[in-house]
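Novice: Residue numbers (the numbering used here): 1204 to 1481. Idealized CB from N, CA, C, for every residue including glycine. A quick note: this is a predicted structure, and the numbers were derived from the prediction, not measured.
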Ligand SMILES: NC(=O)c1ccc[n+]([C@@H]2O[C@H](COP(=O)([O-])OP(=O)(O)OC[C@H]3O[C@@H](n4cnc5c(N)ncnc54)[C@H](OP(=O)(O)O)[C@@H]3O)[C@@H](O)[C@H]2O)c1
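1. Are the CB atoms of residue 1293 and residue 1231 nearer to each other than 8 Å?
2. My assumption, with CB atoms under 8 Å, is that residue 1301 sits in contact with residue 1347. Please give the rounded CB distance.
3. When you compare only the Cα positions, how much space is there between residue 1359 and residue 1456?
4. Can you check the region 1237-1292 for any alpha helix (DSSP H) of at least 4 residues that lies completely inside it and give the ranges in chain order?
5. Could you tell me which uninterrupted alpha helix (DSSP H) segments, each at least 4 residues in length, are contained entirely in the region 1411-1449, listed from first to last along the chain?
6. With the cut-off set at 8 Å, would you say residue 1276 and residue 1329 are in Cβ contact?
7. Around the C-beta of residue 1166, are 16 or more other C-beta atoms found within 10 angstroms, so that it is buried, or is it exposed?
8. Please list the terminal residues of the continuous beta strand (DSSP E) segment that includes residue 1296.
9. Hey, would you say the C-beta of residue 1415 is under 7 Å away from at least one heavy atom of ligand 1?
10. What do you get for residue 1440, buried or exposed, if any count of 16 or more other CB atoms within 10 angstroms of its CB means buried?
11. State yes or no: is the C-beta of residue 1418 nearer than 7 Å to some heavy atom of ligand 1?
12. Give every residue of the same chain whose Cβ lies closer than 6 Å to the Cβ of residue 1238, excluding the five residues on either side of it in the sequence, and list them in chain order.
13. Which term fits residue 1224, buried or exposed, when burial requires 16 or more other beta carbons within 10 angstroms of its beta carbon?
14. Determine the extent of the beta strand (DSSP E) in which residue 1403 is found, giving its start and end residues.
15. If we count the other Cβ atoms within 10 Å of its Cβ and call it buried at 16 or more, is residue 1415 buried or exposed?
16. For residue 1408, does the count of other Cβ atoms within 10 angstroms reach 16, so buried, or fall short, so exposed?
17. Do residue 1318 and residue 1443 have their beta-carbon atoms positioned less than 8 Å apart in this structure?
18. In the structure shown, what three-state DSSP assignment does residue 1333 receive?
19. Helix, strand or coil for residue 1206, going by three-state DSSP, please let me know.
20. Select from 1466, 1367, 1397 the residue whose C-alpha is nearest the C-alpha of residue 1428.
21. Return the first residue and the last residue of the alpha helix (DSSP H) that residue 1374 is part of.
22. Can you list, in chain order, the residues of its chain whose CB lies under 7 Å from that of residue 1216, leaving out five sequence neighbours each side?
23. For residue 1296 and residue 1397, which I take to be in contact (beta-carbon distance under 8 Å), what is that distance rounded to the nearest angstrom?
24. Does the separation of the CB atoms of residue 1447 and residue 1303 fall below 8 Å?
25. With the cut-off set at 8 Å, would you say residue 1212 and residue 1233 are in Cβ contact?
In C-alpha cells form, the structure reads like this:
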C-alpha cells in the first residue's frame, strides 16, 4: 500500500515510520503538508495518490488549546474535513487518531465506542469534531487512543525520566485513571487494521489501567531507579484545561474486528525500556 502520513515530526508518526516499513511510506514535513492550509492538503494528496492516509498531526498541547481555540479547531477539526474530502477523491482510507478526552470522565466502567461523548476541554471538543469530519470520508477508520508515549518524543515517560535525572522530588496526580499506550503498539495495530480492511470507530489503547502516579512508579521500577515520588490530587495543580478523571476505553469492538495486538500496558512499558529503538 502507498501510505501518506501527516504530522511527520510527532511521536506517533515516528513509530509508524519504523513499523510500517513493508509499505511505501511518504511522510512530508509540516512545511509541505501543513494542515492549516487547505490547498497544501489537496495538492499533496492528489500528487501522492495514497491508498491510506494516517493523520498523525494534531494540536496536542491540551492546555494551550484553551487559549488558542481557533487554531485548535482549524488543525484538529476543520483540517480533518479537508483530509476527508481529499481522501474521498482518491478513494483512500483515512485513518484518524482520536482521544479518550472526548469523554467527560464521570464513567465508572471502561467507555465503549457508542457511549455518549461529552468533552470537558477545547482539545477534547475539537478532536470530537475531527471524528465527525473524518466520518465524512466513505473509507475511514477512527482510532481513539490514550496517554501515548514511547522512547522517542515529547511525552510523560521522557518528562519523568528527565525530571528524575535532575534529582528532583516528584509529585504526580493519583486521581486520573487511564491506559498508558505505546506509539509502537498503536502503530502496529493500525497497520494490521489497514491490511485487514477495518473501518469505522474503534478504541485502541493498551490493556489495563492505572493513574499517572501508578504509571510514574512503574516507569521507575522498570528502569531500576530510586526516585522520591509521591501522589497528589488533580486539585493540587490546577491547569487551564480540565481532564477526565476516568478515561479507560473498552476495546471490545477492536477485539471483534480481527487481530488484536494491543498488549497489557506494563508489558508495553517493559518493551520500551528494554528496546528503546523500535
Ligand atoms: N499524546 C497523547 O497522549 C495522545 C492521546 C490520545 C490521542 N492522541 C492523538 O494521537 C495523535 C498523535 O499524537 P502524538 O502524541 O504523536 O502528538 P505529537 O507528538 O504532538 O505529534 C503531533 C504532530 O502534529 C504536528 N502538527 C501540528 N500542527 C500541524 C500542522 N498545521 N500541520 C502539520 N502538522 C502539524 C506537530 O508539529 P509541531 O510539534 O511542530 O507542532 C506534531 O509533530 C494526535 O491525533 C493526538 O491527538 C494523542
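Specialist: According to the data block:
1. Here residue 1293 is taken as the residue at index 90 of the chain shown, counted from 1. Here residue 1231 is taken as the residue at index 28 of the chain shown, counted from 1. Against a cut-off of 8 Å, the Cβ pair of residue 1231 and residue 1293 comes out as no contact.
2. Counting from one through the chain shown, the residue named residue 1301 turns up at place 98. Counting from one through the chain shown, the residue named residue 1347 turns up at place 144. Indeed, because the Cβ distance is near 4 Å, the residues count as touching under 8 Å.
3. Counting from 1 along the chain shown, the entry for residue 1359 is found at position 156. Counting from 1 along the chain shown, the entry for residue 1456 is found at position 253. Their backbone Cα atoms lie some 28 Å apart in a straight line.
4. 1241-1251, 1265-1270, 1272-1276
5. 1415-1426
6. The residue you call residue 1276 lines up with position 73 of the chain shown. The residue you call residue 1329 lines up with position 126 of the chain shown. Closer than 8 Å, so yes.
7. Examination of residue 1166 is not possible in this model, given that the chain is present from 1204 through 1481 alone.
8. Walking along the chain shown from the start, residue 1296 turns up at place 93. Segment 1296-1302, the beta strand (DSSP E) holding residue 1296.
9. Position 212 of the chain shown, counted from the first residue, corresponds to residue 1415. Residue 1415: no, Cβ never under 7 Å from ligand 1.
10. What you label residue 1440 is simply residue 237 of the chain shown in a count that begins at 1. The residue is exposed, with fewer than 16 neighbouring Cβ atoms inside 10 Å.
11. Here residue 1418 is taken as the residue at index 215 of the chain shown, counted from 1. No, Cβ of residue 1418 sits at least 7 Å from all heavy atoms of ligand 1.
12. Taking the chain shown and counting its residues from 1, one reaches residue 1238 at position 35. For residue 1238, where only same-chain residues beyond five positions count, the Cβ hits under 6 Å are 1260, 1278, 1282.
13. Residue mapping note: residue 1224 aligns to position 21 of the chain shown, counting from 1. Result: exposed.
14. Reading the chain shown from its first residue, position 200 is the one you call residue 1403. Here the beta strand (DSSP E) through residue 1403 covers 1403-1406.
15. Counting from 1 along the chain shown, the entry for residue 1415 is found at position 212. Buried: at least 16 other Cβ atoms inside 10 Å.
16. What you label residue 1408 is simply residue 205 of the chain shown in a count that begins at 1. With at least 16 other beta carbons inside 10 angstroms of its own, residue 1408 counts as buried.
17. Reading the chain shown from its first residue, position 240 is the one you call residue 1443. Reading the chain shown from its first residue, position 115 is the one you call residue 1318. Cβ distance not < 8 Å, so residue 1443 and residue 1318 don't count as in contact.
18. On the chain shown, position 130 is the one that residue 1333 refers to. Of the three classes helix, strand and coil, the one that applies to residue 1333 here is helix, per DSSP.
19. By 1-based counting over the chain shown, the position of residue 1206 is 3. Three-state result, residue 1206: strand.
20. In the chain shown, counting from the first residue as 1, residue 1428 sits at position 225. The shortest Cα separation from residue 1428 among 1466, 1367, 1397 belongs to 1367.
21. Against the chain shown, residue 1374 aligns to sequence position 171. Counting along the chain, residue 1374 falls outside any alpha helix (DSSP H), though it belongs to the beta strand (DSSP E) covering 1373-1376.
22. Taking the first residue of the chain shown as 1, we reach residue 1216 at position 13. Cβ neighbours of residue 1216 beyond the five flanking positions: 1208, 1210, 1230, 1259.
23. The residue labelled residue 1296 in the question sits at position 93 within the chain shown. The residue labelled residue 1397 in the question sits at position 194 within the chain shown. Correct: roughly 6 Å between the Cβ atoms.
24. Residue numbering aside, residue 1447 sits at position 244 when the chain shown is read from its first letter. Residue numbering aside, residue 1303 sits at position 100 when the chain shown is read from its first letter. In contact: residue 1447 and residue 1303 (Cβ atoms closer than 8 Å).
25. Within the chain shown, the letter at position 9 stands for residue 1212. Within the chain shown, the letter at position 30 stands for residue 1233. Yes, they are a contact pair.
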